[in-house]
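Numbered according to the numbering used here, the sequence shown spans residues 169 to 649. Every residue, glycine too, gets a C-beta built ideally from N, C-alpha and C. Predicted, not measured: the structure shown is a model, and the values here were computed from it. Below you'll find the structure, written out as structure tokens, and then a few comments.
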Amino acid sequence: MFDAVLMLGICDKIVPGLLMGALQFGHLPTLFVPAGPMTSGLSNKEKVRVRQLYAEGKVDRAELLEAEMASYHSQGTCTFYGTANSNQMVLEAMGLQLPGSSFVNPETPLRRALTEAAAEHLARIARTSHQPLPLADVIDERSFVNAIVALLASGGSTNLCIHLVAIARAAGLVITWSDFDALSKVTPLLAKIYPNGSADINHFQAAGGTGLLFGELMRAGLMHGDAAVCFGGTLETACIEPFLEDNRLQWRPATEESLDLEVIRPTGNVFAREGGIRLLQGNLGRSLIKTSAVDPERHHITAPAVVISHQDELRPLFERGELDRDCVIVVRFQGPAANGMPELHQLMPTLGVLQDRGHAVALVTDGRLSGASGKVPAAIHVTPEAAKGGSIARIQNGDVISLNVTTGALSVALEHSAFANRPYAEPPAEKHTVGRGLFAFSRKVVSDAECGGCTLFGPPIIDASSETERSQAAAYEHCAS
């Protein structure tokens, strides 16, 4: 009944959902059409400053709202490098969008020309070609390696470490956090976009954009230049950028030299030798940490635990002065099976204030942070989650927790048998709402974060010959039991 699929989506969960759906119809040509980011407003640094002042009670709600309105002032994605813009980076790396089209602002002649070109291209190949390029002939293992490497090299959102796992499964492939970790160890950080730096996504585009970044990575042998792209050709031939000449869309080779070395750098002059995301594991389970925005001096934090079960519980503790010390904030019952895994944005201004006061502060949670993962070290997506019998449900106030990026360890300083014999904490009382009832079945059958947080697929295929994978297999076996 259908000739092709034109996907209109940008933000956090929309893009993964669209792509997972499209992969069920892989015989159809498919192309994503972005809408682009809003133009730059209030600087991200100033926005965070006001948020922290509000957390301290030094500015009122009206001043906070004024700053937020100046930051998010028009149509388009947010300008910081969160999940929405990470989605666009990944889609272009997978060859699912026109080259150089991800970060062109809305309501501009170039944006309109790109949208029209995408629709015309898809209609043309679907109706006039004897062999239209279907999605199934584009997506393969190389596509996912390219997506992960682009994410890591740019310091993108940790949400993609859940989304890409689920998308891969929809494509019949299996990737795990160990794959992200292994690629991160060999992928340099080439871009600094807030929260990893002061620049926003518009500065990234002006410095050379995706064409420059992908070209650097391919020349270093870190991306598969021979991977297919939905508009024909290969990723190597897609290192081009669009422009208008006499109101007609034209293409030219992307620049091979950064136009701003504070935003994009070559592989010979990197911001960091490793990518922006690392795996942590130990007697608390497996988790991820976004390191690209964290000062290396804070890559190892050891401090007593402060345990809460909802992000709203943090502010009263802060206001009573109970957090003015070194501490690891543990926020549990925030995973897929507990409450659908909402993002915990409210935590970061308060934790940032504590860190600025000179305290050693970290976050450990089975929930998510996404683009909010910034200067405070945060072990997130802890798996198994508290609601499925994860060790995070056994932590008590005062337990000494250690988070160490260098060794890849996340652990609590307790003897094994003593920790294993502790009772699990009771989950917070449920509020019986319509939504809570509607998604009750989903919470019961949803996979954990490392399996993509979805209800469509079973547990991962584990290579039991690897010590890392054996520990992962044990965690899944524990979850299942």
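Item	Value
Straight-line Cα distance separating E583 from L176	52 Å
Contact check, S254 vs L328, beta carbons under 8 Å	yes
Extent of the continuous alpha helix (DSSP H) to which H331 belongs	L328 to A338
Residue of L199, C407 and L491 minimising C-alpha distance to P300	L199
F193 versus G620 - alpha carbon distance	20 Å
Check whether S352 and E442 have beta carbons under 8 Å apart	yes
N-terminal and C-terminal residue of the beta strand (DSSP E) that M175 is part of	V173 to L176
Distance, R493 Cα to R219 Cα	21 Å
Assigned secondary structure, N572 (DSSP; H/G/I helix, E/B strand, else coil)	strand
Straight-line gap, R500 to R488 (C-alpha atoms, nearest Å)	22 Å
Option in L266, V613, G379 and I457 with minimal Cα separation from L290	L266
Helix, strand or coil at T198 according to DSSP, with G and I counted as helix	strand
S579, enclosing beta strand (DSSP E) - first and last residue	A577 to V580
Boundaries (first-last residue) of the beta strand (DSSP E) holding A506	Counting along the chain, A506 falls outside any beta strand (DSSP E), though it belongs to the alpha helix (DSSP H) covering P504 to N507.
C-beta contact flag for G338 and L174 at 8 Å	Checking the displayed sequence, the identity of residue 338 turns out to be Ala instead of Gly. No; because the gap between Cβ atoms is not below 8 Å, this pair is not in contact.
Per-residue DSSP class, three states only, for G376	coil
Nearest to Q502 (by Cα), restricted to the options R611, G323 and Q256	R611
R590 versus A304: straight-line alpha-carbon distance, rounded	49 Å
G520 - DSSP class collapsed to helix/strand/coil	helix
Which of helix, strand or coil DSSP assigns to I361	coil
Endpoints, the beta strand (DSSP E) within which K215 is located	Run containing K215: none in the beta strand (DSSP E); it sits in the alpha helix (DSSP H), N212 to A223.
Residue range of the alpha helix (DSSP H) that includes A406	Counting along the chain, A406 falls outside any alpha helix (DSSP H), and DSSP gives it neither H nor E.
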